[in-house]
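The structure appears below as structure tokens.
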Amino acid sequence: MSASASAHTATPARSGHGGIVLILVTLLLFVSMDTLVKDLVQRNPAPVLIWLRFLVHMVVAAAIVLAVPRFRPFVRSKALGRQLVRSALLMTTTTTFFFGLLYLKFADLVILTQAAPLMVVVLSVVLLGEKVGPRRWLGVLVGFVGVVVILKPGFGFEWASLFGLASAVIYAVYQIMTRSLSGADHTMTTFFYTASVGAVVMAAAMPFFWVTPTWTDALLMLLPGIFGGTGHLLLIMAFARSEASLLAPFFYTVIVWATLLGWAVFGEVPDIFTFVGAGLVVAAGFYVWHRERRLMKMRGQVGG
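Just so you know, we're using my numbering here: the sequence shown kicks off at -14 and counts up by one.
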């Protein structure tokens, strides 16, 4: 699924701007992966696509980690249980997202998942005991109003929108788990284990869902895993080169890509609910990001 604005915070950041280009390439890879899957899922079983997405991702990750000698020690995790839970969360959010691709407009689904950073704010209070001020709560409330507008309750509500909503909620929990691992494991360790549960669990389901694809589809099915694995690696590299607070706003460019690709590839024209809802979600995300960045600066001044 497309990354959202707080997807990775585990790598200590530098103050340079070198990560911006990397993050833009990463997001293009992710939205290209989602576009391919939306096309393929119309002709092939979703569980097969999910399995191949994680299998190829795992092979890419293992090849990179094992091929670079200085990365090999990071195969061992100090928090293996949490790594596996995080991987299981990614499998679950990917599953709901892929089924959403089968039924929803591309842009609508991607916009719904961009509410995940707002949900992280809520979950950080519930799960981590973090304190959130009234202004950030207001931003979260506005973002959730945007989600409701996209869902169109009473105006042609689509039950399949619940796939997008579930994907966003689970992805927010996944982000919280990523935060919790930042002090336990190196980012390359987390990268190595990201696709492990999805590859193994979905492999067990293949006897029930496998349908032999055409040669063309078989080749195309390899690309989502390559795009996803490469994208996660570039994401780590981006956060190693630039501050997370600098990169966060660029994650919302996926909405532009998704809208353009939804129109160009699938002939989907967003309605007024999509535009208004997207505006509210993006505005809320920017406001929450602004408040968090300001609070971080204030804490830094106090600490200094």
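Positions of the beta carbon are idealized from the N, C-alpha and C atoms, including for glycine.
- Per DSSP, the unbroken alpha helix (DSSP H) holding Q160 starts and ends at S146 to L166.
- Nearest to G183 by alpha-carbon distance, out of S17, K23 and M43, is M43.
- C-alpha of V239 to C-alpha of A169: approximately 30 Å in a straight line.
- P209 counts as buried, since at least 16 other C-beta atoms from the protein chains shown sit within 10 angstroms of its C-beta.
- Scanning V261, V154 and T172 for the CA closest to the CA of V105 turns up V154.
- Under the three-state reduction of DSSP output, P30 falls in the coil class, being neither helix nor strand.
- Of the residues T179, A249 and V125, the one whose Cα lies closest to the Cα of A269 is V125.
- Per DSSP, reduced to three states, the secondary structure at Q99 is coil, with no helix or strand assignment.
- Residue environment: A180 is assigned as buried (16 or more neighbouring CB atoms within 10 Å of its CB, all protein chains considered).
- Under the three-pair Cβ rule at 8 Å, the segment 190 to 206 does not count as touching the segment 54 to 67.
- Using a Cβ distance threshold of 8 Å, L89 and F15 do not count as a contacting pair.
- One alpha carbon belongs to G264, the other to G131, and they sit about 7 Å apart.
- Straight across, the Cα-Cα distance linking T174 with V186 is about 20 Å.
- Note on V22: 16 or more other CB atoms within 10 angstroms of its CB, so buried under the neighbour-count rule.
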